[in-house]
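Engineer: Shown below is the structure under consideration.
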Amino acid sequence: DAKTTQPNSMESNEEEPVHLPCNHSTISGTDYIHWYRQLPSQGPEYVIHGLTSNVNNRMASLAIAEDRKSSTLILHRATLRDAAVYYCIPGVSEKLVFGKGTKLTVNP
Amino acid sequence: GAVVSQHPSWVICKSGTSVKIECRSLDFQATTMFWYRQFPKQSLMLMATSNEGSKATYEQGVEKDKFLINHASLTLSTLTVTSAHPEDSSFYICSAPSGGGGRWYTQYFGPGTRLTVL
Chain A
300 DAKTTQPNSM
310 ESNEEEPVHL
320 PCNHSTISGT
330 DYIHWYRQLP
340 SQGPEYVIHG
350 LTSNVNNRMA
360 SLAIAEDRKS
370 STLILHRATL
380 RDAAVYYCIP
390 GVSEKLVFGK
400 GTKLTVNP
Chain B
60 GAVVSQHPSW
70 VICKSGTSVK
80 IECRSLDFQA
90 TTMFWYRQFP
100 KQSLMLMATS
110 NEGSKATYEQ
120 GVEKDKFLIN
130 HASLTLSTLT
140 VTSAHPEDSS
150 FYICSAPSGG
160 GGRWYTQYFG
170 PGTRLTVL
């Protein structure tokens, strides 16, 4: 499994964009980059995934570095409901191995 | 989107008893499901892979005789914590993948079961 490095915590203000970085320098060529988030006392939920190209969906955008050794999850306008632990998980989709993630705090 | 349920959502039991936790995929079939454990303020730790029709695969360090997994059907996996002790108190979460096509899947997670062993 590829090792990941994410900030332990980040803060944002409501309605502002948030950029959550992740380093995954040991990622293999066939690994997807998944992002999941976990709200307090809940199971994780899927946010977005990518392989090589940048990706957008209704929740977020994923920017993947050209060498694929890092990626950034972008929340375009943070809301209070986005307060969660965000996990960057490189690897195969069928079996996710979670790192420590980044705890995002959103201030009103 | 697909839904995964867990039952019970919380359970309190006495030390030495066994507890069964159910994980169901409500609107899709899953030949594989995964069980995780999460201690307070820690990340999810993968415990085992539940395989429909065959034995579960356990991660290193997880006692298979203590955490019994049965994948009874394409929509149900159960985790039984046998002879539970206070150190088994944790948040247990299951997940099931649903195909996105090709090699990629979305993992759908249950809401978790909080186990407290007295």
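Protein chains in written order, with the numbering used here: chain A, 300 to 407; chain B, 60 to 177. Ideal Cβ placement from N, Cα and C applies to all residues, glycine included. Bear in mind the structure is a predicted one, so any value in this text is a computation, not a measurement.
For tyrosine 386 of chain A, collect the residues of the same chain with a Cβ closer than 6 Å to its Cβ; drop the 5 residues on either side in sequence, then sort them by chain order.
Structural biologist: The residue labelled residue 386 of chain A in the question sits at position 87 within the first sequence. Counting only Cβ-Cβ distances below 6 Å, and skipping sequence neighbours, we find Tyr335, Phe397 and Gly400.
Engineer: Assess, as a yes-or-no matter, whether the stretch 128–146 of chain B is touched by the stretch 366–374 of chain A under the definition of 3 or more beta carbon pairs within less than 8 Å.
Structural biologist: The stretch 366–374 of chain A vs the stretch 128–146 of chain B: no contact.
Engineer: List, in chain order, every chain B residue whose beta-carbon is nearer than 8 Å to that of glycine 398 of chain A.
Structural biologist: Taking the first residue of the first sequence as position 1, residue 398 of chain A is located at position 99. Simply Ser102.
Engineer: Near serine 154 of chain B, which residues of its chain fall below 6 Å by C-beta distance, leaving aside the five closest residues on each side in sequence?
Structural biologist: The residue you call residue 154 of chain B lines up with position 95 of the second sequence. Phe93, Gln166 and Phe168, listed in sequence order.
Engineer: Just mark leucine 338 of chain A as buried or exposed, buried being the case when its beta carbon has 16 or more other beta carbons within 10 Å.
Structural biologist: Taking the first sequence and counting its residues from 1, the one referred to as residue 338 of chain A is at position 39. Counting Cβ neighbours within 10 Å, leucine 338 of chain A comes out exposed, since fewer than 16 surround it.
Engineer: Determine, for glycine 390 of chain A, whether the minimum Cβ-Cβ distance to residues of chain B falls below 8 Å.
Structural biologist: Taking the first residue of the first sequence as position 1, residue 390 of chain A is located at position 91. So, not an interface residue.
Engineer: Does leucine 319 of chain A have its Cβ less than 8 Å from a Cβ in chain D?
Structural biologist: Here the protein chains are A and B, and chain D is not one of them.
Engineer: Determine the contact status of threonine 175 of chain B and proline 67 of chain B, defining contact as a CB-CB distance below 8 Å.
Structural biologist: Position 116 of the second sequence, counting from 1, holds the residue named residue 175 of chain B. Position 8 of the second sequence, counting from 1, holds the residue named residue 67 of chain B. Not in contact: threonine 175 of chain B and proline 67 of chain B (Cβ atoms no closer than 8 Å).
Engineer: Find out if the Cβ-Cβ distance for the pair valine 405 of chain A, glutamate 313 of chain A is shorter than 8 Å.
Structural biologist: For this step, residue 405 of chain A is matched to residue 106 along the first sequence. For this step, residue 313 of chain A is matched to residue 14 along the first sequence. For valine 405 of chain A and glutamate 313 of chain A, yes; Cβs fall inside 8 Å.
Engineer: Closer than 8 Å by beta-carbon distance: list the chain B residues that pair up with lysine 394 of chain A, in chain order.
Structural biologist: For the purposes of this step, residue 394 of chain A is identified with residue 95 of the first sequence, where counting begins at 1. Within 8 Å Cβ-Cβ: Phe93, Leu105 and Thr108.
Engineer: Using the three-state DSSP reduction, which class does arginine 380 of chain A fall into: helix, strand or coil?
Structural biologist: Within the first sequence, residue 380 of chain A is the residue found at index 81, counting from 1. Looking at arginine 380 of chain A - three-state DSSP - the assignment turns out to be helix.
Engineer: By the criterion of Cβ-Cβ separation under 9 Å, what are the contact partners of tyrosine 385 of chain A in chain B?
Structural biologist: Taking the first sequence and counting its residues from 1, one reaches residue 385 of chain A at position 86. Residues of chain B passing the Cβ test: none, with the nearest at roughly 12 Å.
Engineer: Given this structure, state the Cα-to-Cα distance separating methionine 104 of chain B from proline 407 of chain A, to the nearest angstrom.
Structural biologist: Here residue 104 of chain B refers to the residue found at position 45 when the second sequence is read from its first residue. Here residue 407 of chain A refers to the residue found at position 108 when the first sequence is read from its first residue. Approximately 32 Å, taken between the alpha carbons.
Engineer: What residues of chain B sit near glycine 342 of chain A, judged by a beta carbon separation below 7 Å?
Structural biologist: As a working note, residue 342 of chain A is residue 43 in the first sequence. Within 7 Å Cβ-Cβ: Ile152, Phe168, Gly169, Pro170 and Gly171.
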